[in-house]
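Chemist: These protein sequence lines map, in sequence, to chains A and B.
The first sequence begins at 1125 in the numbering used here and counts up by one.
The second sequence begins at 1125 in the numbering used here and counts up by one.
Each residue gets a CB set at the ideal place from its N, CA and C atoms; glycine is no exception.
Quantities reported herein were computed from a predicted structural model and do not represent experimental measurements.
Number of protein chains: 2
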Amino acid sequence: MTLPDGYVFRKLKLSDYSSYVENLKVLTTVGNITIENFTKLLNYWESLPDLYHPYVISSPAGVVVATGMLLVEHKLIHECGLVGHIEDISVSTSEQGKKLGYYMITSLTSIAKEYGCYKVILDCSPENAGFYGKCGFKQCGIEMSTRFD
Amino acid sequence: MTLPDGYVFRKLKLSDYSSYVENLKVLTTVGNITIENFTKLLNYWESLPDLYHPYVISSPAGVVVATGMLLVEHKLIHECGLVGHIEDISVSTSEQGKKLGYYMITSLTSIAKEYGCYKVILDCSPENAGFYGKCGFKQCGIEMSTRFD
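1) Can you look up L1200/B in the DSSP assignment and give me helix, strand or coil?
2) What residues match up with Q1263/A in a beta bridge as DSSP calls it?
3) Let's test the definition: count the other Cβ atoms within 10 Å of the Cβ of E1251/A and tell me whether it reaches 16, buried, or not, exposed.
4) Put K1135/A into one of helix, strand or coil per three-state DSSP.
5) Would DSSP call M1228/B helix, strand or coil?
6) Output the distance between the C-alpha atoms of N1147/B and P1128/A, rounded to the nearest integer angstrom.
7) Please state whether DSSP places P1250/A in a helix, a strand or coil.
8) Measure the beta-carbon distance from I1201/B to L1151/A and round it to whole angstroms, keeping in mind my assumption that it falls under 8 angstroms.
9) In this structure, does DSSP put D1212/A in helix, strand or coil?
10) Tell me, to the nearest whole angstrom, how far the beta carbon of Y1256/A is from that of D1273/B; I am working on the premise that it is less than 8 angstroms.
11) For the segment 1250 to 1265 of chain A, which residues have a CB atom closer than 9 angstroms to at least one CB atom of chain B, in sequence order?
12) Looking only at its own chain, which residues have a Cβ that is under 7 angstroms from the Cβ of L1224/A, when we skip the five neighbours before and after it?
13) Look at the Cβ atom of Y1179/B, then the Cβ atom of G1192/B, and state whether they are nearer than 7 angstroms.
14) Going along chain B, which residues have a C-beta under 9 angstroms from D1247/A?
15) Considering only DSSP beta bridges, list what V1244/B is partnered with.
16) Provide the residue span of the alpha helix (DSSP H) that contains V1145/B, from first to last.
17) Between the Cα of K1137/B and those of L1206/B, N1167/B, G1254/B, Y1226/B, spot the shortest distance and give me the residue it belongs to.
18) Between the C-alpha atoms of M1125/A and G1260/A, what's the straight-line distance to the nearest angstrom?
19) When we look at the beta-carbon of D1174/B and count the other beta-carbons within 10 Å, is it buried (16 or more) or exposed?
20) Looking only at its chain, what residues have a beta carbon closer than 6 angstroms to the beta carbon of I1229/B, apart from the 5 residues adjacent to it on each side?
21) In this structure, how does DSSP classify L1175/A when only helix, strand and coil are distinguished?
22) Give me the Cα-Cα distance between G1240/A and K1199/A, rounded to the nearest whole angstrom.
23) Tell me the DSSP secondary structure of G1155/A in three-state form.
24) Excluding the 5 residues flanking S1183/B on each side, which residues of the same chain have their C-beta closer than 8 angstroms to its C-beta?
25) Is K1223/B near the ligand FMN - that is, is its Cβ less than 6 angstroms away from at least one heavy atom of it?
26) Using DSSP with H/G/I as helix, E/B as strand and the rest coil, what is T1126/A?
27) Going by DSSP in three states, S1183/A sits in which element: helix, strand or coil?
28) Output yes or no for whether 7 angstroms exceeds the beta carbon distance between G1155/B and E1203/A.
Quick look at the structure:
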């Protein structure tokens, strides 16, 4: 598939600050992220390009309308294999129905494959399993957590 | 709980090469890991001490009998929050019944909490949910994957 005219899949950049932060509020609690916090975090991610691969889809107006992170983990198992973790996928409520989520997931998966990952994993709620199934993913386990917040 | 006499929970070190590699074969495919590959990977992990926290439990003979990795991810959500990912837990078949797995999980979870993570997550098979439940974890989602191997 291709993106609608004027939409671009690309790396996150500093000028995305406001719309990136707003976009993630669709997903979960974001809290107060100042431009200084954002700059520091983006610099941190960019200092580890082997690990953190933060992507966005921007609209024709240049605004972030979808987000996604590919985190590449270096393991010992599978002959020092690489595993891609897909994290923090969100699509603006007003942009839903354009298959931006599908484009984001399949693009991050392709990047992970080209990077040499032997698999890509993600965690989701059972309600979203059908969507990720269409993106080529299969259920393979359960996610468990313990929280301190 | 405490470990049996002579057992030690500690960071992975270079001299653990043989028993670390052997131990992980309990878990999954490991493949051929040379001392050079192991050294390179351990150096890589140690170059990123903020991210990779590889731990072991060694026996009184100094042999690795349990492994566990804590991977700390820096996110934007939750006010630039940290999430701990527990990966690659294995316990030698001959050492089971000594609660080494429980000790490993609860220790990695404590390290993540001290480190400032707002949550720790892990993926497991449904058969292991009861064990992780005893370690303080609750099911919160499903794991999905796509593989290239």
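Modeler: So, from the data block:
1) The answer is coil: DSSP assigns L1200/B none of H, G, I, E or B.
2) Beta-bridge annotation (DSSP): Q1263/A is paired with M1268/B.
3) Exposed, because fewer than 16 other Cβ atoms sit within 10 Å of the Cβ of E1251/A.
4) Looking at K1135/A - three-state DSSP - the assignment turns out to be strand.
5) Helix, per DSSP.
6) Linking N1147/B to P1128/A through their CA atoms gives a straight-line distance of about 50 angstroms.
7) Note: P1250/A maps to helix in three-state DSSP.
8) Contact holds; Cβ gap of about 7 angstroms.
9) Strand, per DSSP.
10) Actually they are not in contact, since the Cβ atoms of Y1256/A and D1273/B sit about 19 angstroms apart, beyond 8 angstroms.
11) Under the 9 angstroms Cβ criterion, the segment 1250 to 1265 of chain A contributes P1250, N1252, A1253, Y1256, G1257, C1259, G1260, F1261, K1262, Q1263, C1264, G1265.
12) Apart from the 5 residues on each side of it in sequence, L1224/A sits with its Cβ closer than 7 angstroms to the Cβ of I1181, V1189, A1190, V1215 in its chain, given in chain order.
13) Yes. Within cutoff.
14) Within 9 angstroms Cβ-Cβ: I1245, D1247, C1264, G1265, I1266, E1267, M1268.
15) Answer by DSSP bridge pairing, in chain order: T1270/A, G1208/B.
16) Segment 1141 to 1148, the alpha helix (DSSP H) holding V1145/B.
17) Minimum Cα distance to K1137/B is reached at N1167/B.
18) Taking the straight line from one Cα to the other gives about 14 angstroms.
19) By the C-beta density criterion, D1174/B is exposed, having fewer than 16 other C-beta atoms within 10 angstroms.
20) Answer for I1229/B: C1259, listed in chain order.
21) L1175/A carries a coil assignment under DSSP once its states are collapsed to helix, strand and coil.
22) Approximately 12 angstroms, taken between the alpha carbons.
23) In the structure shown, G1155/A falls within a coil segment according to DSSP collapsed to helix, strand and coil.
24) So the qualifying residues of the chain are G1130, Y1131, V1189, E1219.
25) In the structure on display, the ligand FMN does not appear, and there are no ligands present to speak of.
26) DSSP places T1126/A in coil when its eight states are reduced to three.
27) Three-state DSSP puts S1183/A in coil, outside helix and strand.
28) Note that the C-beta distance between G1155/B and E1203/A is below 7 angstroms.
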